[in-house]
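This report concerns only the one structure given below.
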Amino acid sequence: MSVRVRFAPSPTGMLHIGNARTALITWLFARSQGGHYLLRIDDTDPERSKVEYEKAIEESLVWLGLDWDEKANQKDRMDRYTAQIEKLKGDGRIYACYETPEELSLKRKSLLSRGKPPIYDRVALELTDEQIAAYEAEGRKPHWRFKLLAEPIEWKDHIRGDVKFHGKDLSDPVVLREDGSPLYHLCSVIDDVDFKITHVVRGEDHVSNTATHVQMFEALTDKVPDFAHLPLISDAEGAKLSKRLGSLSILDIRDNEGLEPMSVCSLLSRLGTSEPIEAFEQIQPLVDSFGFDKFSRGTPKLDPDELLRLNSKIIHEISFDDVRIRLAEMGLHDLDADFWDAVKANLEKVSDIKEWWEVAKGPVTPVIEDDNKDYIANAMASIPPAPWDENTWSAWTSALKESTGRKGRGLFMPLRQALTGMEHGPDMASLLLLIGPDKAAQRLKG
Ligand code: GLU
């Protein structure tokens, strides 16, 4: 049986880290199995779904390097849902209910206050023809529920192991609104059947939905797919991933944070698994090492610093050719391979290179405080002869330490200020080489 999976985002917002992880893991599983990856846009809610979000989600997936073999929009499949819904109505698996939202909410509250689970009481099944006619005459329109069978629901989850529910403990889900529009649950199952999905991979917030979906599958077909429910990620403190990183979209991570897609993929693919988190420059090794058996059930913690650490490692391996266009887009047309190779080991993000370029190439207004004038003159007098290499900075500053008795900040900061015009910035040993002897001498003269 060849593997067929889907990633099913709702286009009601941008793609965030949590959803991107589901997209990636589903993709890695598909690619590791030579399988088929469907991008299904869950846009049954016309008010909240937006084409801009759909486009942004696609752009995010492309940036992450996740391609899809097929795409479908739920809004284009309404006729198909209607046909299947009619079939289920005919089979008595979907029934009409006439409660108003207020009545339902009262029922819920009353059950909860008595310590009972808020399971729908199915009074709609007891309604007589006269009562229904009375409701209709009042102008009430029914919503429709799927009737669960009171029997065990069990599956072997690829991540959670044996999962057991019982139909009698679950509330019949609403599958059709008063206005006749179908809701996510049944549409999702109809799609999974039609697209012959073999494995449903999604977050563990869907586990109890899955229990009801299993019975919907059984009502529509003789095959129920496999399931894998991923634990949701939390931030480093164990809180729900809503703050900073959680609130960043993938496009923010690309455009505002300036991170590499492979740092995101490296982290998200290994988070919560038995494999170490490492920096990968290519996605293929992640495909080759993928296995659901490596995922644990615990809540993985996502540490933003880890993302930055991976990012710098990945940048250190990027060749000039791979980054040339991006540098040109940043306005750094003259930046060449020598400069890139000299600096890349010091960058956390590609955009950090701007700062290096500006201080190396100038123009720079040297800062020489009155108290340091003699010291800088001294430094000028002992400036090492060309050619310079990576030891020049330390040889020069050691000699100055000896001759002036200065140390620490007093030794280094005046030189940095004179050479770069700033109090902070890239590592001086590398920077000095990029400034070069001529410009350095000029700047020391003030
Ligand atoms: N649109 C649903 C969501 O974003 C899809 C869940 C599923 O994978 O079935 O949560």
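To convert a position in the sequence shown, counted from 1, into this note's numbering, add 13.
Here a beta-carbon is modelled for each residue, glycine too, at the ideal position from N, C-alpha and C.
| Query | Result |
| --- | --- |
| Limits of the unbroken beta strand (DSSP E) element including P317 | Counting along the chain, P317 falls outside any beta strand (DSSP E), though it belongs to the alpha helix (DSSP H) covering 317 to 330. |
| Beta carbon of K357 nearer than 8 Å to that of G271 | no |
| heavy atom of the ligand GLU below 7 Å from S411 C-beta | no |
| Sequence-ordered residues whose beta carbon comes within less than 6 Å of a heavy atom of the ligand GLU | A21, P22, S23, D55, S201, R215, H219 |
| Check: G271 C-beta below 7 Å from any heavy atom of the ligand ZN | As far as ligands go, the structure on display features the ligand GLU and does not contain the ligand ZN. |
| Endpoints, the beta strand (DSSP E) within which L52 is located | 49 to 54 |
| Closest Cα partner of R456 within the set D365, L243, G434, T312 | G434 |
| Local conformation of L140 per DSSP, three classes | coil |
| C-alpha gap between M393 and N404, whole angstroms | 17 Å |
| Coil, strand or helix - K177 by DSSP | strand |
| Proximity below 8 Å, CB of W369 to CB of P439 | yes |
| Given 8 Å, three or more beta-carbon pairs between the region 80 to 96 and the region 192 to 200 | yes |
| From E67, I448, C110, D301, residue whose alpha carbon lies closest to that of S23 | E67 |
| Alpha helix (DSSP H) runs contained entirely in the region 401 to 426, provided each spans 4 or more residues | 405 to 417 |
| Closest by C-alpha distance to L52, when choosing among R19, A350, Q46 | R19 |
| Bridge-paired residues (DSSP) for L189 | W157, P195 |
| Inter-residue Cα distance where the pair is K100 and S279 | 45 Å |
| Cα-Cα separation, G304 to S45 | 8 Å |
| Nearest residue (CA-CA) to H219, options W40, N32, L281, S62 | N32 |
| When I381, R215, K160, A69 are compared against D170, the one with the closest alpha-carbon | R215 |
| Distance, V64 Cα to I461 Cα | It is not possible to answer for residue 461, since the shown part of the chain is limited to 14 through 459. |
| Three-way DSSP call (helix, strand, coil) for V380 in this model | coil |
| C-beta atoms of F240 and T225 nearer than 8 Å | no |
| Rounded C-alpha distance that separates G26 from Y133 | 31 Å |
| Straight-line Cα distance separating Y148 from P131 | 24 Å |
| Cβ pair I166, V227 closer than 8 Å | yes |
| As assigned by DSSP and simplified to three states, the class of F333 | helix |
| Where T286 sits in the DSSP three-state scheme | strand |
| Close beta carbons around Y108, own chain, < 7 Å, minus the five adjacent residues each side | A137, L138, W157, R158, K160 |
| Simplified DSSP state of D440, which is helix, strand or coil | coil |
| For G180 and A21, the rounded distance between their alpha carbons | 26 Å |
| Distance between beta carbons of S282 and K307, contact taken as under 8 Å | The pair is not a contact, with the Cβ atoms about 10 Å apart (cut-off 8 Å). |
| Backbone CA spacing between P450 and L243 [nearest angstrom] | 57 Å |
| Beta carbon of Q430 nearer than 8 Å to that of I381 | yes |
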